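Counting from 1, one number per residue, gives the positions in the sequence shown under UniProt numbering.
Glycine included, each C-beta is placed from N, C-alpha and C at the ideal position.
Fair warning: this is a prediction, and the values are worked out from it, not measured in the lab.
First up is the structure itself, then whatever we jot down about it.
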Amino acid sequence: VGPKKEVAECKEKFASSVDPTVSQTFMLDRVFNPEGKSLPPMRGFKYSSWSPLGCDANGRCLLAALTMDNRLTIHANLNRLQWVQLVDLTEIYGERLYEASYKLSKADAPRGELGDFSEFQRRHSMQTPVRMEWSGICTTQQVKHNNECRDVGSVLLAVLFENGNIAVWQFQLPFLGKESITSCNTIESGINSPSVLSWWEYEHNNRKMSGLIVGSAFGPVKILPVNLKAVKGYFTLRQPVVLWQEMDQLPVHSIKCIPLYHPYQKCSCSLVVAARGAYVFWCLLLISKAGLNVHNSHVTGLHSLPIVSMTADKQNGTVYTCSCDGKVRQLIPIFTDVALKFEHQLIKLSEVFGSVRTHGIAVSPCGAYLAVITTEGMTNGLHPVNKNYQVQFVTLKTFEEAAAQLLESSVQNLFRQVDLTDLVRWKILKDKHIPQFLQEALDKKIESCGSTYFWRFKLFLLRILYQSMQKAPSEVMWRPSHEDAKILISDSPGMGSTEDDQEEGTSKQGSKQSLCNTGKGMDIDDTADDSVPQSSDIGGREPMEEKLLEIQAQIEAVEMHLTREHMKRVLGEVYLHTWITENTSIPTRGVCDFLMSDDGYDDRTARVLIGHILKKMNKQTFPEHCSLCKEILPFTDRKQAVCSNGHIWLRCFLTYQSCQSLVYRRCLLHDSIARHPSPEDPEWIKRLLQGPCTFCDSPVF
Numbered sequence: 001v002g003p004k005k006e007v008a009e010c011k012e013k014f015a016s017s018v019d020p021t022v023s024q025t026f027m028l029d030r031v032f033n034p035e036g037k038s039l040p041p042m043r044g045f046k047y048s049s050w051s052p053l054g055c056d057a058n059g060r061c062l063l064a065a066l067t068m069d070n071r072l073t074i075h076a077n078l079n080r081l082q083w084v085q086l087v088d089l090t091e092i093y094g095e096r097l098y099e100a101s102y103k104l105s106k107a108d109a110p111r112g113e114l115g116d117f118s119e120f121q122r123r124h125s126m127q128t129p130v131r132m133e134w135s136g137i138c139t140t141q142q143v144k145h146n147n148e149c150r151d152v153g154s155v156l157l158a159v160l161f162e163n164g165n166i167a168v169w170q171f172q173l174p175f176l177g178k179e180s181i182t183s184c185n186t187i188e189s190g191i192n193s194p195s196v197l198s199w200w201e202y203e204h205n206n207r208k209m210s211g212l213i214v215g216s217a218f219g220p221v222k223i224l225p226v227n228l229k230a231v232k233g234y235f236t237l238r239q240p241v242v243l244w245q246e247m248d249q250l251p252v253h254s255i256k257c258i259p260l261y262h263p264y265q266k267c268s269c270s271l272v273v274a275a276r277g278a279y280v281f282w283c284l285l286l287i288s289k290a291g292l293n294v295h296n297s298h299v300t301g302l303h304s305l306p307i308v309s310m311t312a313d314k315q316n317g318t319v320y321t322c323s324c325d326g327k328v329r330q331l332i333p334i335f336t337d338v339a340l341k342f343e344h345q346l347i348k349l350s351e352v353f354g355s356v357r358t359h360g361i362a363v364s365p366c367g368a369y370l371a372v373i374t375t376e377g378m379t380n381g382l383h384p385v386n387k388n389y390q391v392q393f394v395t396l397k398t399f400e401e402a403a404a405q406l407l408e409s410s411v412q413n414l415f416r417q418v419d420l421t422d423l424v425r426w427k428i429l430k431d432k433h434i435p436q437f438l439q440e441a442l443d444k445k446i447e448s449c450g451s452t453y454f455w456r457f458k459l460f461l462l463r464i465l466y467q468s469m470q471k472a473p474s475e476v477m478w479r480p481s482h483e484d485a486k487i488l489i490s491d492s493p494g495m496g497s498t499e500d501d502q503e504e505g506t507s508k509q510g511s512k513q514s515l516c517n518t519g520k521g522m523d524i525d526d527t528a529d530d531s532v533p534q535s536s537d538i539g540g541r542e543p544m545e546e547k548l549l550e551i552q553a554q555i556e557a558v559e560m561h562l563t564r565e566h567m568k569r570v571l572g573e574v575y576l577h578t579w580i581t582e583n584t585s586i587p588t589r590g591v592c593d594f595l596m597s598d599d600g601y602d603d604r605t606a607r608v609l610i611g612h613i614l615k616k617m618n619k620q621t622f623p624e625h626c627s628l629c630k631e632i633l634p635f636t637d638r639k640q641a642v643c644s645n646g647h648i649w650l651r652c653f654l655t656y657q658s659c660q661s662l663v664y665r666r667c668l669l670h671d672s673i674a675r676h677p678s679p680e681d682p683e684w685i686k687r688l689l690q691g692p693c694t695f696c697d698s699p700v701f
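Written out as structure tokens, the structure is:
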């Protein structure tokens, strides 16, 4: 708010002021006085907001966090289980205001000095965040110097301040830090005591519109236009639209915007729901030839206490609300000729978890789970002495619904539907077989369209089935053992071991080794309760081993199919981006020979592509060389390269190059190895290295 020395003098002046309206207001306001002396320290977070997928360097989410001392920062999960602060927006915004003399525009009249308490308050309120929300990803085309077009992604972060102003930050993707900030514009909302913020994004006739929905602690709700001049294909409102104007002292607690399709009007529409006290305010926005149609109302009789949290399933428009007494309401929108109505039903958490108090709810991205934060409720009319906060999970879909949604998904990415795959995984682990209807439906999908998504789904099912068939370990695999390793000394007197004991020890070691090798990143501990009872006689053990070998063969066959499909994609990129007899770092000849080595593999597309590439290479081989002994690295295995001197290098699954460095990346489920992009790599190789895992769609770290 000003130079440090001047701010310190002003704080001392206000704290010792003889005017109680100044001194008491200053001492009790934690924004002015974060130290608080005898008051508890300002630790923790007020609010957090997740960006859409695809915003950080790994293609995952960014986290905007607002701390209790009103500092807004952005964090990213760059390495596995390691969060890094990328930028401090509070500091950058404060510097911008300082350079502009704390005026939003040059036409503003000069304000008073910092020693004036009203000016001191104004400078704090104009940069004290209340809420922040991310927009969807905007994609534009940028023309390069050689007239090539490339897609450039950007995302907007709207920050609502205490005085009603909104700062809209535009970030270029992937977001790397301060250098990725494109612009920052401030909008005056004109709302007193703002409490909540949400993006309004609407698509009509392939034209995307956007705006910001702002709610007040006094009751009003309105949409503000956001002018995105730098983003092509985006439009906004001409003027603000008031959704609710009554100052009824019902504070707006939460706002959700859900895109829906209107079955009667045959067009897309936007449903805005807001929690106001114990009621849910809804507003249906519809663009027709007459303009923007607005229908609004309230849903009453849901809760006897104020709503503390609200969430929405954007797949089907279902809204969930909860009050602190452990009651959750499910609201299902049903369209009518004019607008819509809500059917609601009560979910009593006390029937599932006992007497609990609820503090917040959230629905998973595809609507498979409802997460609930709870503490113990009253027992015999008494409150608990200590509060133990727990996150409980309630399933909202059946296994059949989750499987059907995965089969008909338009996303075609297993990682983005991990809540649905978790339901399927749990069912297979429990029943130890893949249901017949799912297997038949998946085979039909593979035969009809042949998309690699369905092959990856099949690989996921086979791996879970393989895991469910294995004998569960007697000890929990992830728990460290503090026991000393026991050494068997066979030559000691009285310590002789029979051949049976040695064979038993060998089989135990072999089973543990196979568990580690075939886990494929899954949690083996989850199957501890569902272990298959092993028959003591050999006759009962053989069928199980045969079935495991059969499943293992199917897994290897699917993995080989996915590898070949990705090899064809890599060869296509090589053909498009290389000149005649050009040496790329990708082992092109080795990949071609590997594809053609199997006589049973007859793919006309692959043969034609390989023929064109070999003609372009003009009898050149360009083999890889071992960096330790300079010997040739033959391409005989898709997972690793071994030179004639026995040096082993792991292969990158994205480009099939050998990773000849000590630092490399792995996918989230530890399926595959990928190398880091190097500065001398061309753009098309860097683009290949940005891809997800070809087996499980997971990002690569």
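Looking at the DSSP output, D88 shares a beta bridge with T73.
Shown here, D151 sits in a strand according to DSSP, grouped into three states. Between R651 and T621, the CB-CB gap reaches or exceeds 7 angstroms.
DSSP places C592 in the uninterrupted alpha helix (DSSP H) bounded by T588 to M596. Under DSSP, the beta-bridge partners assigned to V242 are K222.
Three or more beta-carbon pairs separated by less than 8 angstroms link the stretch 677-697 to the stretch 650-668, which places the two stretches in contact.
Using a C-beta cut-off of 8 angstroms, the stretch 366-374 makes contact with the stretch 386-405, since at least three inter-stretch Cβ pairs fall below that distance. Looking at the backbone, the Cα of C643 and that of S658 are separated by about 11 angstroms.
For G611, the enclosing alpha helix (DSSP H) stretches over residues R604 to M617. For L302, there is no enclosing alpha helix (DSSP H), as DSSP marks it with neither H nor E.
Listed in chain order, the non-local C-beta contacts of F415 below 6 angstroms within the same chain comprise D697 and S698, local neighbours out to five positions each way being set aside. Secondary structure remark: continuous beta strand (DSSP E) runs of at least 3 residues inside the stretch 310-392, in chain order: 319-323, 327-335, 340-348, 356-363 and 369-376. Less than 7 angstroms separates the beta-carbon of W200 from that of C257. For W83, same chain residues with a beta-carbon under 6 angstroms away, outside a window of 5 residues either side, are H75 and N77 in chain order. Secondary structure within the UniProt domain "DUF5921" (398-475): the alpha helix (DSSP H) runs of 4 or more consecutive residues, fully enclosed, are 399-407, 418-431, 436-448 and 452-469 (chain order). Closest in alpha carbon position to L438, among E99, K458 and T452, is K458. Distance from the CA of R329 to the CA of V299, rounded to the nearest whole angstrom, comes to 12 angstroms.
Three or more beta-carbon pairs separated by less than 8 angstroms link the stretch 122-134 to the stretch 48-68, which places the two stretches in contact. The three-state reading of DSSP puts M132 in strand, counting E and B together.
Taking a contact as a CB-CB distance under 8 angstroms, the pair F353 and Q392 counts as one, their CB atoms being some 6 angstroms apart. Going by C-alpha positions, N388 is about 42 angstroms away from E179. For L396, no pairing in a beta bridge is given by DSSP. Bounds of the alpha helix (DSSP H) holding S125 are F117 to S125. For the set I580, L442 and Y261, the Cα lying nearest the Cα of K616 is the one of I580. Between E188 and N165, the beta carbon gap of about 6 angstroms places them in contact (Cβ cut-off 8 angstroms). By the Cβ-count criterion, W50 is exposed, with fewer than 16 other Cβ atoms from all chains shown falling within 10 Å of its own Cβ. Per DSSP, N205 has no beta bridge partner at all. L160 is the residue among K144, D151, L160 and T139 whose C-alpha sits nearest the C-alpha of T90. Looking at the DSSP output, K256 bridges to V273. By the neighbour-count criterion, in which 16 or more other beta carbons inside 10 Å mark a residue as buried, G317 falls on the buried side. The beta carbon of L104 sits closer than 6 angstroms to the beta carbons of T186 from its chain, once the five residues preceding and following it are set aside; these are given in chain order.
In the structure shown, the three-state DSSP call for R569 is helix. Around the beta carbon of V558, 16 or more other beta carbons lie within 10 angstroms, which makes this residue buried. Note that the stretch 660-672 does not touch the stretch 543-558; fewer than 3 beta-carbon pairs, one per stretch, sit closer than 8 angstroms.
Inter-residue distance for S355 and D108 is about 57 angstroms (C-alpha atoms, whole angstroms).
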